[in-house]
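*Asks:* Heads up: the sequence shown is residues 1 to 282, going by the UniProt record's numbering.
Glycine included, every Cβ here is placed at the ideal spot set by N, Cα and C.
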Amino acid sequence: MNYTLINEKIMRRVYSRRDGWSHKGDFGKLLVVGGSKEYTGSPAIVALSALRSGCDFVKIFAPLRSADACANFSPEIIAIPYEKDYLDVNAIEEIEKIGAWAKVVEIGNGIGRDKLQYELVRSIQRNIKKTLIIDADGLKVLDTNLLNFDTLLTPNSYEFEVMFGEKPSKELDERAKLVKEKAREFKTIILLKGHVDIVSDGEDVFINKTNSPYMTKAGTGDTLAGIASSLIAQGNSIIDSACAACFINGYTGRTVAKAKKEAISPVDIINNMYLTLSRFKY
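Laid out in structure tokens, this is it:
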């Protein structure tokens with residue numbers, strides 16, 4: 001199996017020196033759709049990761065309790081509440097309206113996975129004509145027949161199996177082969193998270209080995225989705241953004257884990273991301 005190892009060179013593909021006359025909004029507008037009564041903080045982790053990796057504007061659309069929690073998490077976050085405990089298909093008009101402002105829409109983190117979310121995610125797939133990043137619960141309820149090359153999927157092994165009905169092997173060549181096959185079959189881009197991350201568009205395969213075994217905390221996948229969404233919103237290709245997100249998330253997590261070990265959290269990755277960007281950018 002042929003694949004390319006992701007290294008620090010990817011940073012110079014997705015970041016360049018900014019013009020002195022750059023304006024607010026030049027470097028991306030992202031809408032994060034997620035959260036529920038139980039999982040209030042997931043959208044905030046996505047949003048803050050996007051902001052820390054360079055996106056100028058991030059808005060969150062979330063159920064009321066989640067939106068309030070996200071707004072209180074940081075003054076940087078713009079949270080728009082949906083006056084229910086869970087997102088449902090009746091929210092699609094509001095999402096379309098806000099989505100018209102955004103370059104990229106990220107969906108799935110903490111939304112739940114019953115019939116309400118099943119209908120919503122599929123409605124977004126049909127009606128939102130933007131680049132979509134689908135993560136977490138969104139992966140469990142999407143329609144694989146509506147996938148396309150303007151969509152990035154960011155599953156772990158379990159979510160991959162739910163979507164495609166096949167469990168990824170722990171053997172790297174077999175794992176990479178399966179990701180490539182599914183990306184080609186469904187004409188989409190897949191980032192399979194794991195000890196070794198695998199990215200494929202059905203033609204090329206890229207692998208990332210910067211991760212740490214201490215990055216098992218809930219929320220470290222949310223940081224990855226936020227970084228990828230941010231880089232796409234800044235104008236990079238989906239495949240480059242996915243590869244760079246793996247590198248940034250993994251390298252930052254590994255750096256923090258050297259000191260914190262089991263105490264590492266997703267917020268640590270967010271707060272220390274600048275170290276990775278400062279070291280490897282241009």
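Enumerated in chain order, which unbroken segments of the alpha helix (DSSP H) with a length of 4 residues or greater are wholly contained in the region 114–163?
*Replies:* List check, alpha helix (DSSP H) in window: 115–127, 137–141.
*Asks:* Run through DSSP, which three-state label would Pro-81 get?
*Replies:* Pro-81 falls in the strand class under three-state DSSP.
*Asks:* Any chance the region 110–122 sits against the region 35–45, with 3 or more Cβ pairs inside 8 angstroms?
*Replies:* With a cut-off of 8 angstroms, the region 35–45 and the region 110–122 count as touching, because enough Cβ pairs lie within range.
*Asks:* DSSP three-state label for Glu-181, please.
*Replies:* Here Glu-181 sits in helix by DSSP.
*Asks:* Kindly indicate which three-state DSSP category Ile-264 falls into: helix, strand or coil?
*Replies:* Residue state, collapsed to three classes: coil.
*Asks:* Could you tell me whether the Cβ atoms of Leu-48 and Ile-270 are closer together than 7 angstroms?
*Replies:* In contact: Leu-48 and Ile-270 (Cβ atoms closer than 7 angstroms).
*Asks:* Name, in chain order, the residues that DSSP records as bridge partners for Lys-29.
*Replies:* Lys-29 is bridged to Phe-57.
*Asks:* Going by the CB atoms, is the gap between Leu-153 and Pro-168 shorter than 7 angstroms?
*Replies:* For Pro-168 and Leu-153, no; Cβs fall outside 7 angstroms.
*Asks:* Apart from the five residues on each side of it in sequence, which residues of its chain come closer than 6 angstroms, Cβ to Cβ, to Leu-132?
*Replies:* Hits under 6 angstroms: Val-105, Thr-151.
*Asks:* Looking at Leu-147: is its Cβ nearer than 7 angstroms to the Cβ of Phe-206?
*Replies:* It is not a contact, given that the beta carbons lie outside the stated cut-off.
*Asks:* Looking only at C-alpha atoms, which of Gly-99, Val-89, Lys-258, Ala-233 sits nearest to Ser-212?
*Replies:* Comparing Cα-Cα distances from Ser-212 to each of Gly-99, Val-89, Lys-258, Ala-233, the minimum goes to Lys-258.
*Asks:* DSSP beta-bridge partners for Ile-189?
*Replies:* Leu-152, per the DSSP bridge assignment.
*Asks:* Ordered along the chain, which non-local residues of its own chain (more than five positions away) have a Cβ less than 6 angstroms from that of Cys-243?
*Replies:* So the qualifying residues of the chain are Ile-6, Ile-10, Val-199, Phe-206.
*Asks:* Pairs of beta-carbons, one from the region 86–98 and one from the region 252–267, closer than 8 angstroms: are there three or more?
*Replies:* Result no; under three Cβ-Cβ pairs closer than 8 angstroms.
*Asks:* Go through its chain and collect everything with a Cβ distance to Trp-101's Cβ below 7 angstroms, but skip five positions before and after it.
*Replies:* Cβ neighbours of Trp-101 beyond the five flanking positions: Lys-29.
*Asks:* Round the Cβ separation of Pro-75 and Leu-64 to the nearest angstrom and send it over; I've been treating them as touching at under 8 angstroms.
*Replies:* Actually they do not touch by this definition, with Cβ atoms about 19 angstroms apart.
*Asks:* What are the partner residues of Asp-197, as DSSP defines its beta bridges?
*Replies:* Note: Asp-197 sits in a beta bridge opposite Asn-208.
*Asks:* Whose C-alpha, out of Gly-194, Arg-126, Asp-143, Leu-277, is nearest the C-alpha of Thr-252?
*Replies:* Of the candidates Gly-194, Arg-126, Asp-143, Leu-277, the one whose C-alpha sits nearest the C-alpha of Thr-252 is Leu-277.
*Asks:* Among Gly-221, Asp-26, Tyr-3, which residue has its Cα nearest to the Cα of Asn-156?
*Replies:* It is Gly-221.
*Asks:* Kindly indicate which residue of Arg-279, Val-46, Leu-116, Asp-240 has the alpha-carbon position closest to the one of Ile-190.
*Replies:* The shortest Cα separation from Ile-190 among Arg-279, Val-46, Leu-116, Asp-240 belongs to Asp-240.
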